Amino acid sequence: MNPIILGSLSITCYLLSFFSIILQLLKKEWFLNFSKYKVFALIAFGFLLHNLILSQALLTEQGLNLNLLNALSLLSSTAILVFLITYLQHPIENLGIFILPFTSVAIFLAVTFPGQHIVSTSWQLTTHILASMLAYSL
3 MNPIILGSLS
13 ITCYLLSFFS
23 IILQLLKKEW
33 FLNFSKYKVF
43 ALIAFGFLLH
53 NLILSQALLT
63 EQGLNLNLLN
73 ALSLLSSTAI
83 LVFLITYLQH
93 PIENLGIFIL
103 PFTSVAIFLA
113 VTFPGQHIVS
123 TSWQLTTHIL
133 ASMLAYSL
């Protein structure tokens, strides 16, 4: 599927979630009925679209396409995953104010300026690099 369309949908989900969290924190009376679960669903849908874009951008036939913007998008995706895991159990809405716009910018840059920096073709080195990137982002 077209990465621009997927990126736009993912950015829209993240930014709608961002504004929803802002309105919840400001305690706007007309917005207090908006459930925390709806925000979670928006972030989760954006996360799924984000990872679909990442899988198309990172995994190529030549090897792992790990340019700077794809790496930034991978790091922000991992941050969103950690945010999603803890969002329903702990009051961490304030963290979403910073993570969601940052991830939106990372997706926008990765989709707008696709680069190519092929790292390797062996699965062992690819696994090692991805595990290191994910560990770094945590």
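Residue numbering for the sequence shown follows our numbering, beginning at 3 and increasing consecutively.
We put the CB at the ideal spot given by N, CA and C, even for glycine.
These numbers come from a predicted model, not from an experiment.
Thinking just about the alpha-carbon of each residue, which of the options is nearest to the one in residue i?
i: Phe42; options: Asn96, Gln26 and Leu90; result: Leu90
i: Leu127; options: Ser78, Lys29 and Leu66; result: Leu66
i: His52; options: Lys40, Ser37 and Ser79; result: Ser79
i: Met135; options: Leu76, Glu95, Ile87 and Ile99; result: Leu76
i: Ser122; options: Pro93, Leu86, Thr62 and Val84; result: Thr62
i: Ile24; options: Asn4, Glu95 and Ala108; result: Glu95
i: Val84; options: Ala137, Gly117, Gln26 and Thr14; result: Ala137
Which whole-angstrom value describes the C-beta separation of residue i and residue j, a residue pair presumed to lie in contact below a C-beta threshold of 8 Å?
i: Gly9; j: Phe110; result: 7 Å
i: Ile45; j: Val113; result: About 19 Å separates the two Cβ atoms, so there is no contact after all.
i: Tyr16; j: Ser106; result: 5 Å
i: Leu86; j: Phe47; result: That belief does not hold up - the Cβ atoms of Leu86 and Phe47 are roughly 11 Å apart, past 8 Å.
i: Leu68; j: Ile131; result: 7 Å
Which residue comes first and which comes last in the alpha helix (DSSP H) that contains residue i?
i: Leu11; result: Pro5 to Leu27
i: Lys40; result: Lys38 to Leu60
i: Glu95; result: Glu95 to Thr114
i: Asn69; result: Run containing Asn69: none; DSSP gives neither H nor E here.
Give me the Cα-Cα distance between residue i and residue j, rounded to the nearest whole angstrom.
i: Tyr56; j: Leu97; result: It should be noted that the sequence gives Leu, not Tyr, for residue 56. Rounded to the nearest angstrom, the two C-alpha atoms are 23 Å apart.
i: His119; j: Leu71; result: 10 Å
i: Ser37; j: Ile99; result: 17 Å
i: Leu54; j: Leu102; result: 17 Å
i: Gln64; j: Gln58; result: 13 Å
i: Thr88; j: Lys29; result: 22 Å
i: Phe115; j: Met3; result: 17 Å
i: Pro93; j: Thr129; result: 34 Å
i: Lys40; j: Gly117; result: 35 Å
i: Leu27; j: Leu18; result: 14 Å
With a threshold of 16 other CB atoms inside 10 Å of the CB of residue i, please say whether the residue is buried or exposed.
i: Leu60; result: buried
i: Ser12; result: buried
i: Ala108; result: buried
i: Phe20; result: buried
i: Ala133; result: exposed
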